[in-house]
Amino acid sequence: MKKLLYTGFTGMVVLALGCAKVLDLEPTDKLQASQIFSDPQGVKIYMANLYSQLPIEDFAYFRQGFNQNGGDPNNGGFSAAMQTDEAVHTEFGDFIGDNDFQWWDQGYKLNRDVNLLVDAIPLLDIRDEERAALIGESSFIKAYTYYALAKRYGGIPLIKNTQQYNGDAEALKVPRSTEQETWDYVLQLCDEAIANLGESNGRRASKWIALALKSRAALHAASVAKFGSRAPMSGDAVSAKLVTLDPSLANGYYQQCISAAEAIINSGKFSLFRPNPANAAEAAENYRMIFQDPNGAMSTEAMFLKGYTLPGNNLGHNYDIWYQPAQVANGWPHPGRMNPSLDLADVYERYDNPGQDAPIATTVDGNVNDYNGYSQSKNYIRYDHPYDIFNGKDARLWGTTILPGTNWKQTPIIIQAGYVKPNGEAVIRIKDQVTIDGKTYYTYGAESTSQYSGFDTYGGNNTRTGFSFRKFMNQSNPIVPGWNQSTNDFIEFRYAEVLLNYAEAVVESGSGNTTLAEQVLNSIRHRAAHSTEVSLTSENVQRERRVELAFENKRFWDLIRRREFHTAFNNRFMHAILPLQDLRALPETKYIFVRVNVPNSNPKTFEPKSYYRYIPGIGTNGLVQNPQY
Amino acid sequence: MNKIIIGIAALCLTLASCEKDNYDGPDSGLTGRFIDAESGQLVEQDIIRGTQIEIIEHGYDPVTPQYLIVKTDGTYENSMLFSNTYTVKPVRGNFINVEAQEVQITGRTTLDFTVTPYIRITNASITRSGDKVRATFNIEQNVINNVKKIGLYAHQDARVGEPMRQVAAEQQLNAVADPAHQYSLEIDVPSNSSVLKSGRAYYFRIGALIDVGEAKLNYAPAVKVDL
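Top line first, the protein sequences correspond to chains A and B.
The opening position of the first sequence corresponds to residue 1094 in my numbering, with each subsequent residue numbered one higher.
The opening position of the second sequence corresponds to residue 3 in my numbering, with each subsequent residue numbered one higher.
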């Protein structure tokens, strides 16, 4: 009895003790939402975090996703450009995989983070214009988020307000909206941002940036509507209109692109950086300068920058170590990964033949479709320097790529694939040397691996296309051989892109101001030292876009939205140009060139299903999957 | 001594949880052919990016469809399926749409599809003369759409086709084909010398694509040619 009493009593004491709120502790290492949002300073910090999550396809954007410059940034330097016709990697032959460029969880996480802020805005003790700015900025970030989601997945669940969990997980599941509703929501958010944002907001979003985003998003939607029939799709997602847009919607979206871009153009706030070069060489250098340090173009062409401030994790990037040519590696073991393709180089116009692609002819007969390799029977054109074959090509080719024999950091970059011996036999892509009249010649143009940058497979450090990479590269400083050491900023919105958006929307829709469209198209060409104007045609606009925006991670989405990927990549080999020294010409120094398929490469084919990414986790989220996944 | 007893007890406990709880593996399969309703011949296919058979297993929701590929000769087989009822439908093919059907798959189930190919390639002949490989054929189309393109494809593998080729000679037609017209295509061997090496044998195959969304090419059987 006594024992029972004791037990009962002890039990009651223990239970009673459990009722004290000793366990309900506020964590001391975390801030509560109310604490952050009650303080405008806290809101600023929160905003900085939202900006860092923006889906900006910059120097840290790779197939694995955004911000690949923290933790382990070693992805081989396989950039998005290498999954288009702009470039190949020195080693990787991969093409677009199902898991590439996914942004589902992160997209909805950013959306939730913005929604939490939107909930707090009415409660903040701030001035009205500050409140409007915050509303505008949240709408901008949300628009950006849904734009990035829509171009990947088509129609998606629109989570317009913060979801509350009330113990019923099913209630949180939101079905997909149609692709049309999704794009309309993106544009509606852009309009909210435009209405609330001010003219200038330092490096943060302003009215103009929101307009630029709108022009980009509307152009994407318009193109999907107009060109969807180039790649018809079927399946549940198509029947429910969760993906694809009706062609009748195209002109409406083009119109929205036109009015957004026109507002920016008519504002007079922006202009092209150094629009009147004296000659092509100056134009090439001006063009390069925009990207080496965009801050120099901040008040003119660079509208919105993503900053890289400090070397180190998440604050610096790796473009310089991956992509500068091998000769300037400065001890870094893996340079030279970016190999711009001959296919891209062919697209740049010649000054003496404006308005036309200018494939680089290497033989007297001018056959540019022969990729069978060197043959003694072919009559090759001989040049004095390894870069002479590119003379007369658009300055932007010189500003975007390092051409064989051109200088980089006061060093002539040697890109040579081999030589033709005096007897006419060629030695190509084999390490070899030959001594003639006391002088030794090397296949790769120099003796040791540190003295050349082309074609030797050593370390995967040498270009296999004949081109190395110049755009975005820092010429001023030696490479720091370590991770995340580059700190030049990335231009996310550039005035030239807005002009090209405008020109494209006008020419594709047949509405808008064609005179203005033609004028802005030619102003970009004029900045690249072209003096002859071209007419406003779809072909001219697309060519201009490819060369002007090369490597800015636009090409991938251009091929997607215009439904050109599956025809551009149907069993396609990428191409290279082999510079060879022709020793038959001795004692003169002469070079010849051979057009070939990129050595050690396989043909690439785009699967039409890849026009949309697959939606992860349909087993739990219950969404309709995209076609063919 | 105690330690040993505890050890044995622990071992017994561990092993006691080792009851075999694996599911049985897939023990059924589906096999069959695509047969031309008119000629009774097999309908030639592509091994990659070709016609697929969508099968949806019943009893699960949501369920991810599975896709079976079809061999170049127009037969297919998947011998690793679970016994169950499935909804089966060939999709994105080179023949007029066929309806979905419910199929009880147990053991080695056979399911043939009788289809009308978009295009029939008849009187096909592939011959080599000197440096050229020349194909001649007629086109018979069973729908009113245009024929988008015709092609002659070469590969060292017998499963050659438009998506799997080293050399192609294609002609964009974008017109309704004339059944009486003899079409011809030619591949020049020396101008493809980096791929088509003389002294080796290659497979050549004639294909034609109808202008229907997501349609696949129709083919004549591949022919081996010594170069």
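For every residue, glycine included, the Cβ atom is placed at its ideal position computed from N, Cα and C.
Residue range of the beta strand (DSSP E) that includes Val45 (chain B): In the second sequence, counting from the first residue as 1, residue 45 (chain B) sits at position 43. Segment: none, Val45 (chain B) is in no beta strand (DSSP E) and carries neither H nor E.
Contact belief for Phe1714 (chain A) with Lys1266 (chain A) at Cβ below 8 Å, rounded distance in angstroms: The sequence position of residue 1714 (chain A) within the first sequence is 621, counting from 1. The sequence position of residue 1266 (chain A) within the first sequence is 173, counting from 1. It should be noted that the sequence gives Asn, not Phe, for residue 1714 (chain A). The Cβ separation is near 6 Å, so the contact holds.
Determine the closest residue to Leu1435 (chain A) out of A:Arg1557, A:Ser1392 and A:Asn1294, with distance taken between C-alpha atoms. Position 342 of the first sequence, counting from 1, holds the residue named residue 1435 (chain A). Selected option, being the one with the closest Cα: A:Arg1557.
Does Asn1633 (chain A) come out as helix, strand or coil in the three-state DSSP assignment? Within the first sequence, numbered from 1, the residue matching residue 1633 (chain A) stands at position 540. Helix at Asn1633 (chain A).
Count the other CB atoms, across all protein chains shown, that sit within 10 Å of the CB of Gly1538 (chain A); report buried if there are 16 or more and exposed otherwise. Translated into positions along the first sequence, residue 1538 (chain A) becomes position 445. Classification of Gly1538 (chain A): buried, given that the 10 Å Cβ count is 16 or more.
Work out the CA separation of Asp114 (chain B) and Val90 (chain B) for me, nearest whole Å. Taking the first residue of the second sequence as 1, we reach residue 90 (chain B) at position 88. Taking the first residue of the second sequence as 1, we reach residue 114 (chain B) at position 112. The straight-line gap from Cα to Cα measures roughly 11 Å.
To the nearest angstrom, how far is it from the Cα of Lys73 (chain B) to the Cα of Gln47 (chain B)? Residue mapping note: residue 73 (chain B) aligns to position 71 of the second sequence, counting from 1. Residue mapping note: residue 47 (chain B) aligns to position 45 of the second sequence, counting from 1. In a straight line, the C-alpha of Lys73 (chain B) is about 6 Å away from that of Gln47 (chain B).
Distance, Cα to Cα, Ala1519 (chain A) vs Ala39 (chain B)? Working through the first sequence from its first residue, we reach residue 1519 (chain A) at position 426. Working through the second sequence from its first residue, we reach residue 39 (chain B) at position 37. So the alpha carbons of these two residues sit roughly 57 Å apart.
Using a C-beta to C-beta distance shorter than 7 Å, which residues of chain B count as neighbours of Gly1466 (chain A)? Counting from one through the first sequence, the residue named residue 1466 (chain A) turns up at place 373. Those are Ser196, listed as they occur along chain B.
Check each candidate in A:Pro1515, A:Ser1145, A:Pro1701 and A:Arg1323 and name the one with the smallest Cα separation from Leu1679 (chain A). Here residue 1679 (chain A) refers to the residue found at position 586 when the first sequence is read from its first residue. Ranking A:Pro1515, A:Ser1145, A:Pro1701 and A:Arg1323 by Cα distance to Leu1679 (chain A) puts A:Pro1515 first.
In chain B, which residues lie less than 7 Å from Pro1325 (chain A) when you measure between Cβ atoms? Along the first sequence, one-based indexing puts residue 1325 (chain A) at 232. Here the neighbours are Gly215 and Glu216.
Would you identify the three-state DSSP class for Met1140 (chain A), choosing helix, strand or coil? As a working note, residue 1140 (chain A) is residue 47 in the first sequence. Looking at Met1140 (chain A) - three-state DSSP - the assignment turns out to be helix.
Could you spell out the range, first to last residue, of the beta strand (DSSP E) harbouring Thr1625 (chain A)? Numbered from 1 along the first sequence, position 532 holds the residue referred to as residue 1625 (chain A). Note, Thr1625 (chain A): premise wrong, no beta strand (DSSP E); not H, not E.
Hey, Gly1158 (chain A) and Trp1196 (chain A): beta-carbon distance below 8 Å or not? As a working note, residue 1158 (chain A) is residue 65 in the first sequence. As a working note, residue 1196 (chain A) is residue 103 in the first sequence. Yes, Cβ-Cβ distance for Gly1158 (chain A) and Trp1196 (chain A) is below 8 Å.
Do you know offhand how far Ala1173 (chain A)'s Cα is from Phe1155 (chain A)'s? Here residue 1173 (chain A) corresponds to residue number 80 of the first sequence, with the count starting at 1. Here residue 1155 (chain A) corresponds to residue number 62 of the first sequence, with the count starting at 1. Answer to the nearest angstrom: the Cα atoms are 6 Å apart.
Min CB distance Asn1664 (chain A) to chain B below 8 Å: By 1-based counting over the first sequence, the position of residue 1664 (chain A) is 571. Closer than 8 Å to some Cβ of chain B, the Cβ of Asn1664 (chain A) qualifies, so yes.
Beta-carbon neighbours of Pro181 (chain B), restricted to chain A and to distances below 7 Å: Along the second sequence, one-based indexing puts residue 181 (chain B) at 179. Residues of chain A passing the Cβ test: none, with the nearest at roughly 26 Å.
Tell me the DSSP secondary structure of Gly1429 (chain A) in three-state form. As a working mapping, residue 1429 (chain A) is identified with position 336 in the first sequence. Three-state result, Gly1429 (chain A): coil.
Which residue wins for smallest C-alpha separation from Leu198 (chain B), given the options B:Val227, B:Ile208 and B:Tyr221? For this step, residue 198 (chain B) is matched to residue 196 along the second sequence. For the residues B:Val227, B:Ile208 and B:Tyr221, the minimum Cα distance to Leu198 (chain B) belongs to B:Val227.
Checking 8 Å against the spacing of the C-beta atoms, do Phe1583 (chain A) and Lys1300 (chain A) come in under that value? What you label residue 1583 (chain A) is simply residue 490 of the first sequence in a count that begins at 1. What you label residue 1300 (chain A) is simply residue 207 of the first sequence in a count that begins at 1. Result no, Cβ atoms of Phe1583 (chain A) and Lys1300 (chain A) do not sit closer than 8 Å.
With three or more C-beta pairs closer than 8 Å as the rule, is the stretch 69–83 of chain B touching the stretch 131–146 of chain B? no
Across which residues does DSSP place Arg202 (chain B) in a beta bridge pair? Counting from 1 along the second sequence, the entry for residue 202 (chain B) is found at position 200. According to DSSP, Arg202 (chain B) bridges with nothing at all.
Using the rule of at least 16 other Cβ atoms within 10 Å of the residue's Cβ for burial, across every protein chain shown, is Gly1409 (chain A) buried or exposed? As a working mapping, residue 1409 (chain A) is identified with position 316 in the first sequence. Counting Cβ neighbours within 10 Å, Gly1409 (chain A) comes out buried, since at least 16 surround it.
Residue environment, Gln1134 (chain A), which counts as buried when at least 16 other CB atoms sit within 10 Å: As a position in the first sequence, residue 1134 (chain A) is number 41, starting the count at 1. Label assigned to Gln1134 (chain A): exposed.
Along the stretch 1505–1529 of chain A, what residues have a CB closer than 8 Å to any CB found in chain B? none
Check distances from the C-beta atoms of the stretch 1690–1715 of chain A to those of chain B and list, in chain order, the residues that come in under 8 Å. Asn1690, Thr1698, Glu1700, Pro1701, Ile1711, Gly1712 and Gly1715
Name the residues in the stretch 102–115 of chain B whose C-beta lies less than 8 Å from a C-beta of chain A; which are they? none
Is the CB-CB distance between Pro1720 (chain A) and Ala1243 (chain A) below 8 Å? Walking along the first sequence from the start, residue 1720 (chain A) turns up at place 627. Walking along the first sequence from the start, residue 1243 (chain A) turns up at place 150. No, the Cβ-Cβ distance between Pro1720 (chain A) and Ala1243 (chain A) is not below 8 Å.
For the beta strand (DSSP E) holding His1668 (chain A), just list the boundary residues, first then last. Numbered from its first residue, the first sequence carries residue 1668 (chain A) at position 575. Taken as a continuous stretch (DSSP letters only), the beta strand (DSSP E) holding His1668 (chain A) covers His1668 to Asp1675.
Distance between Tyr1707 (chain A) and Asn1192 (chain A) (C-alpha atoms, nearest Å): Residue numbering aside, residue 1192 (chain A) sits at position 99 when the first sequence is read from its first letter. Residue numbering aside, residue 1707 (chain A) sits at position 614 when the first sequence is read from its first letter. About 8 Å.
Start and end residues, beta strand (DSSP E) containing Ala156 (chain B): Translated into positions along the second sequence, residue 156 (chain B) becomes position 154. From DSSP, the beta strand (DSSP E) with Ala156 (chain B) extends over Val149 to His157.
Need the endpoints of the beta strand (DSSP E) that Gly1405 (chain A) sits in, please. In the first sequence, residue 1405 (chain A) corresponds to position 312, counting from 1. Looking at the DSSP string, Gly1405 (chain A) is not in any beta strand (DSSP E), and its letter there is neither H nor E.
Could you spell out where the alpha helix (DSSP H) holding Glu1184 (chain A) opens and where it closes? The count along the first sequence starts at 1 and reaches residue 1184 (chain A) at position 91. From DSSP, Glu1184 (chain A) is part of no alpha helix (DSSP H); its letter is neither H nor E.
Cβ shell of Val174 (chain B) (< 6 Å), same chain only, five flanking positions each side left out: Within the second sequence, residue 174 (chain B) is the residue found at index 172, counting from 1. The sequence given here has Gln at residue 174 (chain B), not Val. These residues qualify, in order along the chain: Lys151.
In whole angstroms, what separates the C-alpha of Pro1120 (chain A) from that of Arg1656 (chain A)? As a working note, residue 1120 (chain A) is residue 27 in the first sequence. As a working note, residue 1656 (chain A) is residue 563 in the first sequence. Those two C-alpha atoms are separated by around 52 Å.
Hey, could you find the ends of the beta strand (DSSP E) Thr33 (chain B) is sitting in? Locating residue 33 (chain B) in the second sequence gives position 31, counting from the first residue. Unbroken beta strand (DSSP E) run through Thr33 (chain B): Ser30 to Asp38.
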